[in-house]
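Structure first, then comments.
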DNA sequence: TATATTATAGATTAATCATTCCATAAAAGT
DNA sequence: ACTTTTATGGAATGATTAATCTATAATATA
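Chains as they are written, first to last, in my numbering: chain W, 43 to 242; chain D, 43 to 242.
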């Protein structure tokens, strides 16, 4: 059964991508509905018919982000690599995405939903859960590193994870502040010297 | 010559401290003038007579922050300590401040002025310069570490600084996300294992 | 006591905020 | 052709934004 009614005149998927980039660059609170209507070239009625609300659109955009360029758990949970290699490839991918000239700098989950007013605390909660997912995946990777003997058996997985994850979250600030891919890749190399690897 | 006219009924210095904490916790854009008037218990006229504008007050608050609890360059430029010890004491102080229960979590220069609308780009610029000052001080410290032989002579000071500073900036996100002082101090210890110190 | 100066409370402003309403248009189903 | 359904453009909504205005109050100086 095909859809009835007047067909939409714009590509909803492309609109989400465009809105994602806007939220990513400017943040949830700082992106006004007028901003969205401008970049999407939509009337108010069309916007609300298609997306429900600014907040609902943001949720779709954040999901799009974690489903595409912001996805990192696949790197960290890749059992075909050594834990150190998994962390390394995740970090390199993260640096590449966050310094790319074709998308906003930094991580959407760090930069776009950190400070919301009381009415929009769900947005903070949502971005927090994304940040937590990354941290949990790093923890799994560190745990495997200890199990495999890549890291000392005495390593406190939680603290070591927090060390790595703090660096990861800091990349967003550096990228936003103008650090280049080359500079951050070199920083990644220095960080991983910390990871004592008797095997490679 | 004493000041003439009706005396102010509130303590301007205390007001700056209070406003600083509000901006620090909620961010510049998310803190409304109504919010400020509430926490300061001030009428609009009194507010503008005393501070000029929301932006001008923010500037005073950020200066207050970097002059007090947000001050870190003194740790990094302390020549009486070894460069590694200087970095370490700076990191420990930073962790203590950013996880203290008596003030907002994280760093004001990272969290309060990251995403501003077009009218308030000066606020972004201002917080950026604060972040840059910290990075420059870390760079000086790293350079001294190389000169003294604490770090390998082949160390790229810029990249190593970026590695350390990314961690520093990431502390803000972790603190805001609920990391405790103990957890972050342990993370600091793991980070500094990276700093190869033949001398201590 | 009179004047100059500054602070106060509270109303007011124009702009912007996210959202909704209304009339019309374009498609599918009967 | 007619009804149902959904999308559209554009005006209108009430709330909130930062900032200003008006009138009055409290101080120092002359």
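From the three backbone atoms N, C-alpha and C, an ideal C-beta is built for every residue, glycine too.
Give me the Cβ distance between residue i and residue j, rounded to the nearest whole Å; I'm assuming they're in contact under 8 Å.
i                      : j                      : result
residue 138 of chain D : residue 223 of chain D : 6 Å
residue 114 of chain W : residue 179 of chain W : 7 Å
residue 148 of chain W : residue 214 of chain W : 4 Å
residue 203 of chain D : residue 170 of chain D : About 16 Å separates the two Cβ atoms, so there is no contact after all.
residue 104 of chain D : residue 150 of chain D : 7 Å
residue 243 of chain W : residue 183 of chain W : The structure shown does not extend to residue 243 of chain W, since chain W spans only 43 to 242, so no value can be given for it.
residue 60 of chain W  : residue 81 of chain W  : 6 Å
Does the separation of the CB atoms of residue i and residue j fall below 8 Å?
i                      : j                      : result
residue 141 of chain W : residue 226 of chain W : yes
residue 159 of chain W : residue 72 of chain D  : yes
residue 125 of chain D : residue 220 of chain D : no
residue 107 of chain D : residue 66 of chain D  : yes
residue 128 of chain D : residue 208 of chain W : no
residue 96 of chain D  : residue 152 of chain D : no
residue 233 of chain W : residue 205 of chain D : yes
residue 63 of chain D  : residue 146 of chain D : yes
residue 172 of chain D : residue 70 of chain D  : no
residue 162 of chain W : residue 68 of chain D  : no
residue 185 of chain W : residue 199 of chain W : yes
residue 92 of chain D  : residue 50 of chain D  : yes
residue 123 of chain W : residue 131 of chain W : yes
What span of residues does the alpha helix (DSSP H) with residue i cover, start to end?
i                      : result
residue 181 of chain W : 163-189
residue 66 of chain W  : 54-68
residue 111 of chain D : No alpha helix (DSSP H) holds residue 111 of chain D; DSSP gives it neither H nor E.
residue 160 of chain W : Careful: residue 160 of chain W lies outside any alpha helix (DSSP H) and carries neither H nor E.
residue 201 of chain W : 199-218
residue 227 of chain D : 223-234
residue 151 of chain D : 150-153
I'd like to confirm something about residue i: is its beta-carbon nearer than 7 Å to some heavy atom of the ligand GDP, or not?
i                      : result
residue 204 of chain D : Ligands are entirely absent from the displayed structure, and the ligand GDP is therefore not among its contents.
May I have a chain-ordered list of the beta strand (DSSP E) segments no shorter than 3 residues that lie completely inside the segment 81-148 of chain D? Fully enclosed beta strand (DSSP E) runs of 3 or longer: not present.
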